[in-house]
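Chemist: Below is one structure. I have some questions about it.
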Amino acid sequence: MPQRTTAEVIDRFNHAFVHHAPEVLDDLIAEDCVMEAIQPAPDGERVEGRQACLTFWRALADDRTTQFGPEDVWVDGDRATILWRYRFGDGPEDSVRGVNLMRVRDGRIVEALGYSKTGAPVPLATDSEARA
Numbered sequence: 001m002p003q004r005t006t007a008e009v010i011d012r013f014n015h016a017f018v019h020h021a022p023e024v025l026d027d028l029i030a031e032d033c034v035m036e037a038i039q040p041a042p043d044g045e046r047v048e049g050r051q052a053c054l055t056f057w058r059a060l061a062d063d064r065t066t067q068f069g070p071e072d073v074w075v076d077g078d079r080a081t082i083l084w085r086y087r088f089g090d091g092p093e094d095s096v097r098g099v100n101l102m103r104v105r106d107g108r109i110v111e112a113l114g115y116s117k118t119g120a121p122v123p124l125a126t127d128s129e130a131r132a
């Protein structure tokens, strides 16, 4: 089976969140993956290793009270940039726009750095206080 391209990996990654299909993530994440979440400021939570990244992303993808929407995607070699909007409520103020800087190696995500346009905390499925 041919190795997936960066574009194919990122397309499948986005599909998992748009369609609330966390199982799609299972074969997309490298053992040495590093992810930095959009919060808390100033640096975001750093998540290291395949299982930790999968746990974080599966919770987000499985959360049907929110909606992730990619706005634009650029791919160049092993790098990708995803511009997105994350909705966590019904009102216009219940969303945040951001960007993920991604790196893919051997058909799997090895790095995902998230940044957003917000100063206030954004409720995430992985945040137990936001769901309490």
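Quick note on UniProt numbering: the sequence shown kicks off at 1 and runs consecutively.
Here a beta-carbon is modelled for each residue, glycine too, at the ideal position from N, C-alpha and C.
What span of residues does the alpha helix (DSSP H) with T6 cover, start to end?
Modeler: Position 6 of the sequence shown holds residue 6. Counting along the chain, the alpha helix (DSSP H) containing T6 begins and ends at 6-18.
Chemist: Quick one: Cα of R131 to Cα of P123, how far?
Modeler: Along the sequence shown, read from residue 1 onward, the residue named residue 131 stands at position 131. Along the sequence shown, read from residue 1 onward, the residue named residue 123 stands at position 123. Bear in mind that a pLDDT of 42 at R131, under 50, signals an unreliable position, so the number given afterwards is only what the model happens to contain. Each residue's Cα considered, the two are about 8 Å apart.
Chemist: Does the beta-carbon of R97 have 16 or more other beta-carbons within 10 angstroms, so that it is buried, or is it exposed?
Modeler: On the sequence shown, position 97 is the one that residue 97 refers to. With fewer than 16 Cβ atoms within 10 Å of its Cβ, R97 is classed as exposed.
Chemist: Helix, strand or coil for R131, going by three-state DSSP, please let me know.
Modeler: To locate residue 131, count along the sequence shown from 1; it is residue 131. Confidence in R131 is poor, its pLDDT being 42 and thus under 50, which makes the residue's placement unreliable; the coordinate value appears in the next sentence. Three-state DSSP puts R131 in a helix.
Chemist: Can you find a C-beta in chain D that's less than 8 Å from the C-beta of V9?
Modeler: Annotation note: the requested chain D is absent from the structure, which comprises a single protein chain.
Chemist: How should W74 be labelled, buried or exposed, when 16 other C-beta atoms within 10 angstroms of its C-beta is the threshold for buried?
Modeler: Taking the sequence shown and counting its residues from 1, one reaches residue 74 at position 74. Flag for W74 reads exposed.
Chemist: Identify which residue in F68, A41, L54 has its Cα closest to the Cα of D26.
Modeler: The residue labelled residue 26 in the question sits at position 26 within the sequence shown. Nearest C-alpha to D26: L54.
Chemist: Starting from D72, trace the beta strand (DSSP E) in both directions and tell me its first and last residue.
Modeler: By one-based count along the sequence shown, residue 72 stands at place 72. It spans 67-76 - the beta strand (DSSP E) in which D72 sits, taken as one unbroken run.
Chemist: Based on Cα-Cα distance, which residue from A61, A41, P2, I38 lies nearest to H15?
Modeler: As a first step, residue 15 is located in the sequence shown; it is residue number 15 there, counting from the start. Closest by alpha carbon: A61.
Chemist: With 16 as the cutoff for other CB atoms within 10 Å, does T6 come out buried or exposed?
Modeler: Taking the sequence shown and counting its residues from 1, one reaches residue 6 at position 6. With 16 or more other Cβ atoms within 10 Å, it is buried.
Chemist: Pick from S116, G77, I109: whose alpha carbon is nearest that of S95?
Modeler: Along the sequence shown, read from residue 1 onward, the residue named residue 95 stands at position 95. Taking only the C-alpha atoms, the option nearest S95 is S116.
Chemist: So, at 7 Å on beta carbons, what are the nonlocal neighbours of L28 in its own chain, with the 5 sequence-adjacent residues on each side left out?
Modeler: Along the sequence shown, read from residue 1 onward, the residue named residue 28 stands at position 28. V9, R12, F13, R108, I109, listed in sequence order.
Chemist: Give the secondary structure of A30 by DSSP, where H, G and I count as helix, E and B as strand, and everything else as coil.
Modeler: Here the question's residue 30 lines up with position 30 in the sequence shown. A30 falls in the strand class under three-state DSSP.
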